[in-house]
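See structure below.
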Amino acid sequence: DAKTTQPNSMESNEEEPVHLPCNHSTISGTDYIHWYRQLPSQGPEYVIHGLTSNVNNRMASLAIAEDRKSSTLILHRATLRDAAVYYCILSGVGNEKLTFGTGTRLTIIP
Amino acid sequence: DTGVSQDPRHKITKRGQNVTFRCDPISEHNRLYWYRQTLGQGPEFLTYFQNEAQLEKSRLLSDRFSAERPKGSFSTLEIQRTEQGDSAMYLCASRPTPNTDTQYFGPGTRLTVL
């Protein structure tokens, strides 16, 4: 599985946008970029995924670099409930398992 | 849709005892996954089922571990002769079809081996 690199931790103020970066320089052409998050004492939760184009859903936006070697998860207006560990994961077609790294621990400051 | 459920949520056992965890996936999800998560780490894949067939097992799944999904619905994960190194959160996830990428996770079972 191609490797992803994320900062260990980030802080953001409540009600401000948050940009969570992920580097994946060895991504292959068929790898999808997935983001999951894990709130304290809970299982991981799907956030968003994409292949080449930027993606938006009710939770977040995913901005994918043109060369696909990096991506950014954007939370438009952080709330205290967004405090979690965010994982950036690459997964190819037919790959059943998710390979988690250590993720980015996001702290929201009231 | 009631989500993936796991039972028990917490289990404390003594070294050498056997433990069994249960996972109930979202109804009609034919794929079911088990992961293990130790403190400060991301979840690690253990095994997965398509209906009742166990299709892949990680090298992490030693001979003391066995997983079943006898009727293609709920699944059990048994650990025999538990060791302190087995202490972890055991997570279950399910997925509706091969063409849907999203895995839906349960809350996990936290195992503590004394």
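Heads up: the sequence lines are chains A and B, in that order. Position in the first sequence counted from 1, then plus 271, gives you the working numbering. Position in the second sequence counted from 1, then plus 1102, gives you the working numbering. Every residue, glycine too, gets a C-beta built ideally from N, C-alpha and C. Being a predicted model, the structure only gives us computed values, none of them experimental.
- For the pair A/Tyr-357 and A/Leu-333, the Cα-to-Cα distance works out to about 13 Å.
- Scanning its chain for C-beta atoms nearer than 7 Å, with the 5 sequence neighbours on each side dropped, one finds around B/Asp-1188 the residues Ile-1181, Leu-1213, Val-1215, in chain order.
- Among the CB atoms of chain B, one or more fall inside 7 Å of the CB of A/Tyr-358.
- For the region 1120-1183 of chain B, there is no continuous alpha helix (DSSP H) assignment of 4+ residues that stays within its boundaries.
- For A/Gly-314, a Cβ of chain B is located within less than 7 Å of the residue's own Cβ.
- In the structure shown, A/Arg-308 adopts extended strand secondary structure according to DSSP, grouped into three states.
- Taking the Cα positions, A/Val-289 is about 27 Å away from B/Thr-1140.
- When the Cα atoms are used, B/Phe-1167 and A/Arg-348 turn out to be separated by approximately 43 Å.
- With contacts defined by Cβ atoms closer than 7 Å, B/Ala-1195 and B/Tyr-1135 form a contacting pair.
- One thing to note: A/Asn-328 has its Cβ within 7 Å of the Cβ of A/Ile-319.
- The beta-carbon distance between A/His-295 and A/Thr-323, rounded to whole angstroms, is 13 Å. This is too long to meet the 8 Å contact definition.
- The beta carbon of B/Pro-1110 is closer than 7 Å to those of Thr-1211 in its chain, skipping five residues each way along the sequence.
- Neighbours of A/His-305 across chain B, judged by C-beta separation under 8 Å: Asp-1203.
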